[in-house]
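S.K.:
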Amino acid sequence: MKRLLMIINPRSGKEQLKGKMVDILDLAVKAGYDTEVYVTQCQADARRVAREKGWQFDLVVCCGGDGTLNETVSGLMDGPRMPALGYIPSGSTNDFAASLGLSKEGLKAAEDIFTGSDFPLDVGKFGEDRYFVYIAAFGAFTEVSYVTPQDRKNLLGHQAYMLEAVKRLVNLKSYRMRFETEDRELEGEFILGMVTNTLQVGGFKGLVGRGVALNDGEFEVLLVRTPKTPRDLHSIASYLFMREGDNECVYQFKAKHLKITSPESVDWTLDGEFGGSVAEVEIENLKQAFAVKKMC
Numbered sequence: 010m011k012r013l014l015m016i017i018n019p020r021s022g023k024e025q026l027k028g029k030m031v032d033i034l035d036l037a038v039k040a041g042y043d044t045e046v047y048v049t050q051c052q053a054d055a056r057r058v059a060r061e062k063g064w065q066f067d068l069v070v071c072c073g074g075d076g077t078l079n080e081t082v083s084g085l086m087d088g089p090r091m092p093a094l095g096y097i098p099s100g101s102t103n104d105f106a107a108s109l110g111l112s113k114e115g116l117k118a119a120e121d122i123f124t125g126s127d128f129p130l131d132v133g134k135f136g137e138d139r140y141f142v143y144i145a146a147f148g149a150f151t152e153v154s155y156v157t158p159q160d161r162k163n164l165l166g167h168q169a170y171m172l173e174a175v176k177r178l179v180n181l182k183s184y185r186m187r188f189e190t191e192d193r194e195l196e197g198e199f200i201l202g203m204v205t206n207t208l209q210v211g212g213f214k215g216l217v218g219r220g221v222a223l224n225d226g227e228f229e230v231l232l233v234r235t236p237k238t239p240r241d242l243h244s245i246a247s248y249l250f251m252r253e254g255d256n257e258c259v260y261q262f263k264a265k266h267l268k269i270t271s272p273e274s275v276d277w278t279l280d281g282e283f284g285g286s287v288a289e290v291e292i293e294n295l296k297q298a299f300a301v302k303k304m305c
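Numbers 10 to 305, taken from this note's numbering, label the letters of the sequence shown in order.
1. Rounding to the nearest angstrom, what Cα-Cα distance links Phe1 and Lys39 in this structure?
2. Name the DSSP bridge partner or partners of Gln261?
3. Hey, how far is the Cα of His167 from the Cα of Asp43?
4. State buried or exposed for Gln209, treating a residue as buried only when at least 16 other CB atoms are found within 10 Å of its CB.
5. Give the range of the alpha helix (DSSP H) segment to which Gly84 is assigned.
6. Roughly how many angstroms separate the alpha carbons of Asn18 and Asn103, rounded to a whole number?
7. Evaluate the contact criterion for the segment 128-143 versus the segment 185-202: three or more CB pairs, one atom per stretch, below 8 Å.
8. By Cβ distance, which residues of its chain are closer than 6 Å to Val290, with the 5 residues on each side in sequence left out?
9. With a cut-off of 8 Å on the beta carbons, I'd call Gly28 and Gly63 a contact; round off their distance for me.
10. CB-CB under 7 Å to Ser21, same chain, minus the five flanking residues each way: which ones, in chain order?
11. Does Glu30 come out as helix, strand or coil in the three-state DSSP assignment?
12. Report the three-state DSSP secondary structure of Gln50 (helix, strand or coil).
13. Let me check one thing: in DSSP terms, what residues is Phe141 bridge-paired to?
14. Can you tell me whether Lys303 is buried or exposed? The criterion is at least 16 other CB atoms within 10 Å of its CB, across all chains shown.
15. Between Tyr47 and the rest of its own chain, which residues show a CB-CB distance below 6 Å, the 5 nearest in sequence each way excluded?
16. Where do the N-terminal and C-terminal ends of the beta strand (DSSP E) with Ser274 fall, by residue?
17. Exposed or buried, which one is Cys305 when buried takes at least 16 other CB atoms within 10 Å?
18. Give the straight-line distance between the Cα atoms of Ala264 and Ala300, rounded to the nearest whole angstrom.
19. Write down the C-beta distance between Pro239 and Arg185 rounded to the nearest angstrom, noting that I regard them as a contact closer than 8 Å.
20. Label Val31 either buried or exposed according to how many other C-beta atoms from any shown protein chain fall within 10 Å of its C-beta, with 16 as the threshold for buried.
21. Note down, in chain order, each residue of its chain lying with its Cβ closer than 6 Å to the Cβ of Asn224, except the 5 sequence neighbours on either side.
22. With H, G and I counted as helix, E and B as strand and the rest as coil, what does DSSP make of Thr44?
23. Where do the N-terminal and C-terminal ends of the beta strand (DSSP E) with Ala238 fall, by residue?
24. Which residues in the same chain as Ala119 place their Cβ atom closer than 7 Å to its Cβ, once the five residues preceding and following it in sequence are excluded?
25. Ser108 lies in the alpha helix (DSSP H); which residues open and close that run?
26. Could you give the first and the last residue of the continuous beta strand (DSSP E) run that contains Leu1?
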């Protein structure tokens, strides 16, 4: 019999999965899985369990938000073997699930896992021992995506949301940083940086580049220089709104590997959670490092 480990974060989102877990487990049994369930007790618990036990199973299913997913994938990356992964999203943003077209309804998401196929995906490695599934970012600007409630995002729409973000540009902390990739070097003062493998960030699709592939071995990189004049501020706002042409303050490109250095430590966000404060870090794309079960 196939073996399944289900890792559940009971505090994720609005706890909407609690009333559906019996039906989800019933689907697992009917699909032929000998199922073991673990309910996380604290932060980083999902990573520990995935690292210690995940490799022993044919399938690991994560039930939670993007933070729980990050922990689960990180734990599996630490283990000796990578099983297939299923994801039943129950967080407040669920960027990864939206990018993959996974159902927001728990029971339907479970059905798709047990009847779907393996879809290979890249993983980002951040430094020596951290990973991210879809985004590594710095700059307080990135917080706008996560502190704005989804219903307000829906009401505002992309342009109004970006206007709210642009209002914060003037007062944001600036970081002196150097970026080295396989084909370019950039140095200067920056207020925002995003290294992504996703179709949306914080519930919005307009924050990442076009032509994104989730398993091509490349990140989409967005860097915004510190505005020094009202014209710079206008230029940044216009680019974020219209996404047209070249821009002296905004850089957008693809990269497989980045080396990033700064005279001072910079706070980073990994998949929407605090990822540490570092002055130097290397970010590497691990091409098709795992596979998620989904309807193709």
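Think of the CB as a built atom: it goes at the ideal place given N, C-alpha and C, for glycine as much as any other residue.
M.R.: Working from what's here:
1. Residue numbering for the chain in the displayed model covers 10 to 305; residue 1 lies beyond these limits and cannot be assessed.
2. To locate residue 261, count along the sequence shown from 1; it is residue 252. Bridge partners of Gln261: Leu231.
3. Taking the sequence shown and counting its residues from 1, the one referred to as residue 167 is at position 158. Taking the sequence shown and counting its residues from 1, the one referred to as residue 43 is at position 34. In this prediction, His167 scores a pLDDT of 49, lower than 50, which makes its location untrustworthy; the coordinate-derived value is nonetheless stated afterwards. Between the alpha carbons of His167 and Asp43 lies a distance of about 45 Å.
4. Residue 209 sits at position 200 when you count from the first residue of the sequence shown. Looking at its Cβ environment, which holds 16 or more other Cβ atoms inside 10 Å, Gln209 is buried.
5. Numbered from 1 along the sequence shown, position 75 holds the residue referred to as residue 84. Unbroken alpha helix (DSSP H) run through Gly84: Asp75 to Asp87.
6. Translated into the one-based positions of the sequence shown, residue 18 becomes position 9. Translated into the one-based positions of the sequence shown, residue 103 becomes position 94. Their Cα atoms are separated by approximately 14 Å.
7. no
8. Within the sequence shown, residue 290 is the residue found at index 281, counting from 1. Within the same chain, Val290 has close Cβ partners Gly136 and Ile269.
9. Counting from one through the sequence shown, the residue named residue 28 turns up at place 19. Counting from one through the sequence shown, the residue named residue 63 turns up at place 54. Rounded, the Cβ-Cβ distance is 26 Å, inconsistent with contact.
10. Translated into positions along the sequence shown, residue 21 becomes position 12. Cβ neighbours of Ser21 beyond the five flanking positions: Gly73, Gly74, Thr77, Ser99 and Gly100.
11. The count along the sequence shown starts at 1 and reaches residue 30 at position 21. The question names Glu, but residue 30 in the sequence shown is Met. Looking at Met30 - three-state DSSP - the assignment turns out to be helix.
12. For the purposes of this step, residue 50 is taken as the residue at position 41 of the sequence shown. Coil, per DSSP.
13. On the sequence shown, residue 141 is found 132 positions in, with the first residue counted as 1. Phe141 is bridged to Gly133.
14. Working through the sequence shown from its first residue, we reach residue 303 at position 294. Classification for Lys303: buried.
15. Position 38 of the sequence shown, counting from 1, holds the residue named residue 47. Ile16 and Val58.
16. Taking the first residue of the sequence shown as 1, we reach residue 274 at position 265. Element bounds for Ser274: His266 to Leu279.
17. Working through the sequence shown from its first residue, we reach residue 305 at position 296. Answer is exposed; the Cβ neighbour count stays below 16.
18. Along the sequence shown, one-based indexing puts residue 264 at 255. Along the sequence shown, one-based indexing puts residue 300 at 291. Going from the Cα of Ala264 to the Cα of Ala300 covers about 21 Å.
19. In the sequence shown, residue 239 corresponds to position 230, counting from 1. In the sequence shown, residue 185 corresponds to position 176, counting from 1. Going by Cβ atoms, the distance from Pro239 to Arg185 rounds to 22 Å, so no, they are not a contact pair.
20. Sequence index remark: in the sequence shown, residue 31 carries index 22 (1-based). Exposed: under 16 other Cβ atoms inside 10 Å.
21. Residue 224 sits at position 215 when you count from the first residue of the sequence shown. Excluding residues within five positions, the ones whose Cβ falls inside 6 Å are Pro129, Leu130, Asp131 and Gln297.
22. Your numbering for residue 44 matches position 35 in the sequence shown. Here Thr44 sits in strand by DSSP.
23. Residue mapping note: residue 238 aligns to position 229 of the sequence shown, counting from 1. Reading off the sequence shown, one finds Thr at residue 238, where the question assumed Ala. Careful: Thr238 lies outside any beta strand (DSSP E) and carries neither H nor E.
24. Here residue 119 refers to the residue found at position 110 when the sequence shown is read from its first residue. Contacts found: Ile33, Leu36 and Ile97.
25. Taking the first residue of the sequence shown as 1, we reach residue 108 at position 99. Run containing Ser108: Asp104 to Leu109, per the alpha helix (DSSP H) assignment.
26. The displayed coordinates of the chain run from 10 to 305. Any statement about residue 1 would go beyond what the structure contains.
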